[in-house]
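K.L.:
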Amino acid sequence: MPLPEFEFHEPATVDEACRMIGELGEKTKILAGGTDLLVNMKKKLLAPEHLVSLDRIQSLAQLDSSNGSLRIGPCVKAAEMAESDVVISDFPALQEGASKLGSPLIRNLATVGGNLVTARPAADFPPSLIAYGATLVLKSNHGERTVPLTEFIQAPGETVLSPDEMLKAIVLEKPSPLSGSAYIKLGVREALEISLLNVAALLTLDESGGTITAARVVMGSVAPTPLLSPSAEKVLLGETPSDVLFLDAGEAAASDSRPIDDFRASAEYKRAMVRELTRRALTLAFDRIQTQ
Amino acid sequence: MKRMICITINGKKYELAVAPNRTLADFLREELLLTGTKKGCDMGECGTCTVIMNGRAVNSCLVLAVQAAGKEITTVEGLETEDGLHPLQEKFIENGAIQCGFCTSGMLLSAKTLLDRNPHPTEKEIRTAISGNLCRCTGYQKIVESIKDVNEGR
Ligand SMILES: Cc1cc2nc3c(=O)[nH]c(=O)nc-3n(C[C@H](O)[C@H](O)[C@H](O)COP(=O)(O)OP(=O)(O)OC[C@H]3O[C@@H](n4cnc5c(N)ncnc54)[C@H](O)[C@@H]3O)c2cc1C
Ligand code: FES
Ligand code: FES
Chain A
1 MPLPEFEFHE
11 PATVDEACRM
21 IGELGEKTKI
31 LAGGTDLLVN
41 MKKKLLAPEH
51 LVSLDRIQSL
61 AQLDSSNGSL
71 RIGPCVKAAE
81 MAESDVVISD
91 FPALQEGASK
101 LGSPLIRNLA
111 TVGGNLVTAR
121 PAADFPPSLI
131 AYGATLVLKS
141 NHGERTVPLT
151 EFIQAPGETV
161 LSPDEMLKAI
171 VLEKPSPLSG
181 SAYIKLGVRE
191 ALEISLLNVA
201 ALLTLDESGG
211 TITAARVVMG
221 SVAPTPLLSP
231 SAEKVLLGET
241 PSDVLFLDAG
251 EAAASDSRPI
261 DDFRASAEYK
271 RAMVRELTRR
281 ALTLAFDRIQ
291 TQ
Chain B
1001 MKRMICITIN
1011 GKKYELAVAP
1021 NRTLADFLRE
1031 ELLLTGTKKG
1041 CDMGECGTCT
1051 VIMNGRAVNS
1061 CLVLAVQAAG
1071 KEITTVEGLE
1081 TEDGLHPLQE
1091 KFIENGAIQC
1101 GFCTSGMLLS
1111 AKTLLDRNPH
1121 PTEKEIRTAI
1131 SGNLCRCTGY
1141 QKIVESIKDV
1151 NEGR
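Those sequence lines, one after another, are chains A and B. Numbers 1 to 292, taken from the working numbering, label the letters of the first sequence in order. Numbers 1001 to 1154, taken from the working numbering, label the letters of the second sequence in order.
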């Protein structure tokens, strides 16, 4: 399947990239790892006239964990996320998402930024990033703005990015010491699998380790966009962790989910799996607090 | 319009003009006639087009040749040295891990990047490392055993 013709641009800096996407106009696409964009171009779903590659801009491919937060360059690859010591130790749910995406070959190409901008309901990065409260830095010729990830993704394939804007960074605060998190992806096989559904969970306990002071449950593939469950949070906050509590939280998350019947599974099955995966993810998150 | 690129393939430097919409897979096969790199799905799903780019195994059907400029590429043709076939190639042949052979180049290159980083992988690590490479013939067992044999120096 030949690719349609286009002009190829390789800016060396973020400013130059912003200038290009500002000037080249509507028929311009940013190219990161290409695992979504080139596939869509081969399928003739897209035919941009200009591709602006971010490959040569080194600052966009860096992970920076100085001063208590993690700043992820949008061009960091899934494989690099999965192998990063900071991600492994402080953001295990993110590590789990990164290490389950596509295949080892895809993970060596696919970037975090591409995954967010593509905005697929089943994508592997958004749930854990939402659980960790990610904010995104967007940049254009006219300046920068910061948007929480929960507001960034609007609908399948749609974000708040305007055509002359690019994603410049993803910023996460390190969870407080008494926190644990986990991500579970459900599919019918281990690799090259789009999630049937997925759940990320984050729990934070107070200093005595007895009461839950912060909780987040985020589900993918059960609504048009990744979904943060307010009901699960309500069930968990102020309570003492227990198997029964996690079961109730699963029930609450399932009631917030809005899955549809499709060729992959029935809505009923997906709802039941939200219940179970939420329970498991919370249990795993809690175990991680206790073993750290 | 074509662009000049500098690219190192199997240790050899090339300076060539290439159309931006040429994938690395097509560039290798059709312009350099390095047809050891196969093309199955052209969509990132089968792994037959696997090459090693700057030390990492990738689907060359999802990389533009212009993106590979300045990078080092290893294809299956680059595995053999003056001393003969790569140990992985030897073991694949010995164990009958090749039937139609369409997946073999990709399997070898994914296995090579695994062993380069992790000389003594577990069976699970081996299976994960080749999970982006589909084989419709062998049932994977003999491929996994061949990689294990190299790792154990058998
Ligand atoms: C075989 C296969 C299996 C896959 N499996 C999975 C899977 O299991 N889970 C999963 O979540 N995804 C999967 N994907 C989808 C894809 O790999 C991911 O979404 C990936 O993270 C996309 O990143 P990329 O760098 O390749 O994006 P690209 O294709 O380069 O870009 C994707 C989109 O984002 C835009 N973009 C990229 N970077 C920026 C930026 N910095 N600013 C503004 N816009 C930008 C591009 O213009 C484009 O519209 C799979 C894809 C393939 C081909
Ligand atoms: S041809 Fe590239 S993955 Fe199938
Ligand atoms: S030997 Fe035929 S596909 Fe693997």
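Heads up, the beta-carbon is just placed ideally off N, CA and C, and yes, glycines get one too. Keep in mind the model is a prediction, meaning the values are calculated, not measured.
By DSSP's criteria, glycine 1084/B is part of a beta bridge. Which residues make up the other side?
P.N.:
Answer is Thr1081/B.
K.L.:
Per the DSSP calculation, valine 218/A is bridged to which residue(s)?
P.N.:
Ala200/A, Leu228/A.
K.L.:
Out of Leu236/A, Leu136/A, Ser140/A, which one is the CA nearest neighbour of leucine 24/A?
P.N.:
With distances taken between Cα atoms, leucine 24/A lies closest to Ser140/A.
K.L.:
Taking valine 1150/B as the query, report the chain A residues whose CB atoms sit under 7 Å from its CB, ordered along the chain.
P.N.:
In chain order: nothing, as chain A lies at least about 18 Å away.
K.L.:
For lysine 1091/B, collect the residues of the same chain with a Cβ closer than 6 Å to its Cβ; drop the 5 residues on either side in sequence, then sort them by chain order.
P.N.:
Cβ neighbours of lysine 1091/B beyond the five flanking positions: Ser1146, Asp1149, Val1150.
K.L.:
Secondary structure at proline 148/A, three-state DSSP: helix, strand or coil?
P.N.:
Proline 148/A falls in the strand class under three-state DSSP.
K.L.:
Could you check if isoleucine 1130/B belongs to the surroundings of ligand 3, using beta carbon to heavy atom distance under 7 Å?
P.N.:
No, since every heavy atom of ligand 3 falls outside the 7 Å radius drawn around the Cβ of isoleucine 1130/B.
K.L.:
For the beta strand (DSSP E) that contains isoleucine 1143/B, what are its first and last residues?
P.N.:
That residue, isoleucine 1143/B, is in no beta strand (DSSP E); its alpha helix (DSSP H) goes 1141 to 1151.
K.L.:
Do lysine 168/A and leucine 70/A come within 8 Å of each other at the CB atom, strictly closer than that value?
P.N.:
No, Cβ-Cβ distance for leucine 70/A and lysine 168/A is not below 8 Å.
K.L.:
With burial defined as no fewer than 16 other Cβ atoms inside 10 Å of the residue's Cβ, what is the status of glycine 220/A: buried or exposed?
P.N.:
The residue is buried, with at least 16 neighbouring Cβ atoms inside 10 Å.
K.L.:
For arginine 56/A, which residues in the same chain have their Cβ closer than 8 Å to its Cβ, ignoring the five residues on either side in sequence?
P.N.:
Answer for arginine 56/A: Glu10, Pro11, Ala12, listed in chain order.
K.L.:
Taking Cβ to Cβ, would you say glycine 1036/B is nearer than 8 Å to leucine 105/A?
P.N.:
Not a contact, by the Cβ cut-off of 8 Å.
K.L.:
Taking beta-carbon pairs under 8 Å, can you tell me which members of the segment 169 to 202 of chain A lie near chain B?
P.N.:
Those residues of the segment 169 to 202 of chain A that come within reach of chain B (Cβ to Cβ, closer than 8 Å) are Glu190, Ala191, Leu192.
K.L.:
Rounded to a whole number of angstroms, what is the C-alpha to C-alpha distance between isoleucine 1007/B and alanine 1017/B?
P.N.:
Those two C-alpha atoms are separated by around 11 Å.
K.L.:
Answer yes or no: do alanine 182/A and leucine 284/A have a C-beta to C-beta separation smaller than 8 Å?
P.N.:
In contact: alanine 182/A and leucine 284/A (Cβ atoms closer than 8 Å).
K.L.:
Answer yes if the segment 31 to 41 of chain A comes into contact with the segment 97 to 117 of chain A, meaning at least three C-beta pairs across the two stretches below 8 Å, and no otherwise.
P.N.:
Contact between the segment 97 to 117 of chain A and the segment 31 to 41 of chain A is present, because at least three Cβ pairs lie under 8 Å.
K.L.:
Looking only at DSSP bridge pairs, what is isoleucine 1059/B linked to?
P.N.:
Sequence inspection shows asparagine at residue 1059/B; the isoleucine mentioned does not correspond to that position. Bridge partners of asparagine 1059/B: Thr1050/B.
K.L.:
Serine 229/A and aspartate 124/A: beta carbons closer than 8 Å?
P.N.:
No, these two residues do not count as a Cβ contact at 8 Å.
K.L.:
Since I believe threonine 28/A is in contact with lysine 77/A (beta carbons under 8 Å), could you give me their beta-carbon distance rounded to a whole number of angstroms?
P.N.:
Not a contact, Cβ separation roughly 23 Å.
K.L.:
Taking 7 Å as the cut-off, does the CB of cysteine 1041/B come closer than this to any heavy atom belonging to ligand 2?
P.N.:
Yes, Cβ of cysteine 1041/B sits closer than 7 Å to a heavy atom of ligand 2.
K.L.:
Just to confirm, does methionine 1053/B get its C-beta within under 7 Å of one of the non-hydrogen atoms of ligand 1?
P.N.:
No, the Cβ of methionine 1053/B stays beyond 7 Å of every heavy atom of ligand 1.
K.L.:
Which residues does DSSP pair with histidine 50/A in a beta bridge?
P.N.:
Paired residues: Glu7/A, Thr28/A.
K.L.:
Taking the continuous alpha helix (DSSP H) assigned at glutamate 1031/B, which residues delimit it?
P.N.:
No alpha helix (DSSP H) contains glutamate 1031/B, which DSSP labels as neither H nor E.
K.L.:
Just checking glutamate 1045/B against ligand 2 - is the residue's beta carbon closer than 7 Å to any of the ligand's heavy atoms?
P.N.:
Glutamate 1045/B: yes, Cβ under 7 Å from ligand 2.
K.L.:
Is the segment 245 to 257 of chain A close to the segment 272 to 284 of chain A, with three or more CB pairs under 8 Å?
P.N.:
With the cut-off at 8 Å, the segment 245 to 257 of chain A and the segment 272 to 284 of chain A touch.
K.L.:
Would you say threonine 35/A faces chain B, with C-beta separation under 8 Å as the test?
P.N.:
Chain B, which has a Cβ nearer than 8 Å to the Cβ of threonine 35/A, makes this yes.
K.L.:
On the CB-based measure, 16 or more other CB atoms within 10 Å of its CB, does threonine 1122/B come out buried or exposed?
P.N.:
Threonine 1122/B is exposed by the Cβ-count criterion.
K.L.:
Mapping DSSP to helix, strand and coil, what is threonine 135/A?
P.N.:
Here threonine 135/A sits in strand by DSSP.
K.L.:
Which residues in chain E have a C-beta closer than 8 Å to the C-beta of lysine 42/A? List them in chain order.
P.N.:
Annotation note: the requested chain E is absent from the structure, which comprises protein chains A and B.
K.L.:
Where DSSP assigns a beta bridge to leucine 205/A, which residues make up the other side?
P.N.:
For leucine 205/A, which the question treats as bridged, DSSP gives the partners Ile212/A.
K.L.:
With burial defined as no fewer than 16 other Cβ atoms inside 10 Å of the residue's Cβ, what is the status of arginine 145/A: buried or exposed?
P.N.:
The residue in question, arginine 145/A, is exposed, as its Cβ has fewer than 16 Cβ neighbours within 10 Å.
K.L.:
DSSP state of glycine 1040/B, grouped into three classes?
P.N.:
In the structure shown, glycine 1040/B sits in coil (DSSP, three-state: anything other than H, G, I, E or B).
K.L.:
Are there any heavy atoms of ligand 3 lying less than 7 Å away from the beta-carbon of isoleucine 1098/B, as far as the coordinates show?
P.N.:
The answer is yes for isoleucine 1098/B.
K.L.:
May I have the straight-line CA-CA distance separating glutamate 1077/B from glutamate 1152/B, to the nearest angstrom?
P.N.:
Straight-line Cα distance between these residues: approximately 24 Å.
K.L.:
Nearest to leucine 197/A by alpha carbon, out of Leu203/A, Lys185/A, Thr204/A?
P.N.:
If we check each option's Cα against that of leucine 197/A, Lys185/A comes out closest.
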